[in-house]
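Undergrad: Quick one: the structure is below, and I'll ask about it shortly.
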Amino acid sequence: MLTKYLWVFLVSMVPLVELRGSIIISQGLQLPVLSSYIVAIIGNMLPVPVIYLFARKVLVWGADKPVIGKFFSWCLEKGEKGGKKLQEKAGRGLFIALLLFVGIPLPGTGAWTGTLAASILDMDFKSTIIAVMLGVLLAGIIMMVLSVAGFGMFLK
Numbered sequence: 001m002l003t004k005y006l007w008v009f010l011v012s013m014v015p016l017v018e019l020r021g022s023i024i025i026s027q028g029l030q031l032p033v034l035s036s037y038i039v040a041i042i043g044n045m046l047p048v049p050v051i052y053l054f055a056r057k058v059l060v061w062g063a064d065k066p067v068i069g070k071f072f073s074w075c076l077e078k079g080e081k082g083g084k085k086l087q088e089k090a091g092r093g094l095f096i097a098l099l100l101f102v103g104i105p106l107p108g109t110g111a112w113t114g115t116l117a118a119s120i121l122d123m124d125f126k127s128t129i130i131a132v133m134l135g136v137l138l139a140g141i142i143m144m145v146l147s148v149a150g151f152g153m154f155l156k
């Protein structure tokens with residue numbers, strides 16, 4: 001049982017997959033809804049402060065390096081695009097825009113991209129963490145409802 005929760009925790013930390021994939025996995029592993037939701041949220045939020053504080057600096061540093069440069073440039077570009085999109089749509093409502101950007105579970109709109117975008121936009125740390133956390137909670141609820149309903153249809 002602990003191994004299953006460890007999978008949920010680790011998958012929720014992976015960029016692009018994040019909480020969205022880990023919740024689907026948790027329901028595929030037939031774990032209890034509430035405990036797997038909590039484990040997925042903790043795993044998804046754990047990297048957020050590190051991303052905010054260091055990711056932009058590391059990506060800028062590595063963008064011109066031989067082996068990693070192409071990937072780092074892609075990550076920077078993705079964060080900048082996400083940031084510009086947020087800024088255009090939000091104007092002064094950047095907090096709500098970030099919350100919804102992270103909270104609506106679409107590909108490429110998770111905590112990693114949202115946090116990187118917020119750091120690129122120089123959004124303050126506290127607001128970023130709170131908006132991303134609320135977005136992760138919302139995405140988790142949406143994914144849990146969809147996963148429970150989906151697995152309920154197929155496993156009966």
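All residue numbers for the sequence shown refer to UniProt numbering, where the first residue is 1 and numbers rise by one. From the three backbone atoms N, C-alpha and C, an ideal C-beta is built for every residue, glycine too.
1) On the three-pair Cβ rule with 8 Å, is the segment 113 to 122 touching the segment 77 to 89?
2) Output yes or no for whether 8 Å exceeds the beta carbon distance between L94 and G135.
3) Report back the beta-carbon spacing between L19 and G110 to the nearest angstrom; my notes put them in contact at under 8 Å.
4) Near P105, which residues of its chain fall below 7 Å by C-beta distance, leaving aside the five closest residues on each side in sequence?
5) For I125, tell me which candidate among F54, V39, F101 and I42 has the shortest Cα-Cα distance.
6) According to DSSP, is P49 part of a helix, a strand, or is it coil?
7) Quick check on this structure: which residue in M123, P15, Y37 and M133 has the alpha carbon closest to the alpha carbon of V145?
8) Taking just the CA atoms, how far does G43 sit from residue 166?
9) Between Q27 and V132, how many whole angstroms is the CB-CB distance? I'm expecting something under 8 Å.
10) Which parts of the segment 57 to 116 are runs of the alpha helix (DSSP H), unbroken and 4 residues or longer, counting only runs that do not cross its ends?
11) For my contact list, L8 and L31 are in at a C-beta cut-off of 8 Å; report their separation, rounded to the angstrom.
12) What's the gap between the Cα of L100 and the Cα of Y52?
13) Let's test the definition: count the other Cβ atoms within 10 Å of the Cβ of T113 and tell me whether it reaches 16, buried, or not, exposed.
14) In terms of residue numbering, what span does the alpha helix (DSSP H) encompassing V17 cover?
15) Taking buried to mean at least 16 other C-beta atoms within 10 Å of its own C-beta, is L6 buried or exposed?
16) Here's the rule: buried if 16 or more other CB atoms are within 10 angstroms of the residue's CB, otherwise exposed. What is I1?
TA: This is what the structure holds:
1) The answer is yes - the segment 77 to 89 touches the segment 113 to 122, with three or more Cβ pairs under 8 Å.
2) With a cutoff of 8 Å on beta-carbon distance, L94 and G135 are scored as not near each other.
3) Taking C-beta atoms under 8 Å as the contact rule, L19 and G110 qualify, at a distance of about 7 Å.
4) Answer for P105: R20, A139, I142 and M143, listed in chain order.
5) The question names Ile, yet the displayed sequence has Phe at residue 125. For the residues F54, V39, F101 and I42, the minimum Cα distance to F125 belongs to F54.
6) P49 sits in a helix when the DSSP states are folded into three classes.
7) The residue from M123, P15, Y37 and M133 with its alpha-carbon nearest to that of V145 is Y37.
8) No answer is possible for residue 166: the residues shown for the chain start at 1 and end at 156.
9) With 8 Å as the limit, Q27 and V132 do not qualify as a contact, their Cβ atoms being about 23 Å apart.
10) Qualifying alpha helix (DSSP H) stretches, in chain order: 69 to 90 and 94 to 103.
11) According to the sequence provided, residue 8 is Val. The question's Leu does not apply to it. Beta-carbon to beta-carbon, V8 and L31 are separated by about 7 Å, close enough to satisfy the 8 Å threshold.
12) Approximately 18 Å, taken between the alpha carbons.
13) Label assigned to T113: buried.
14) Unbroken run through V17: none, as it is neither H nor E.
15) Around the beta-carbon of L6, fewer than 16 other beta-carbon atoms lie within 10 Å, marking it exposed.
16) Looking at the sequence provided, one finds Met at residue 1 rather than Ile. When all chains shown are included, M1 counts as exposed.
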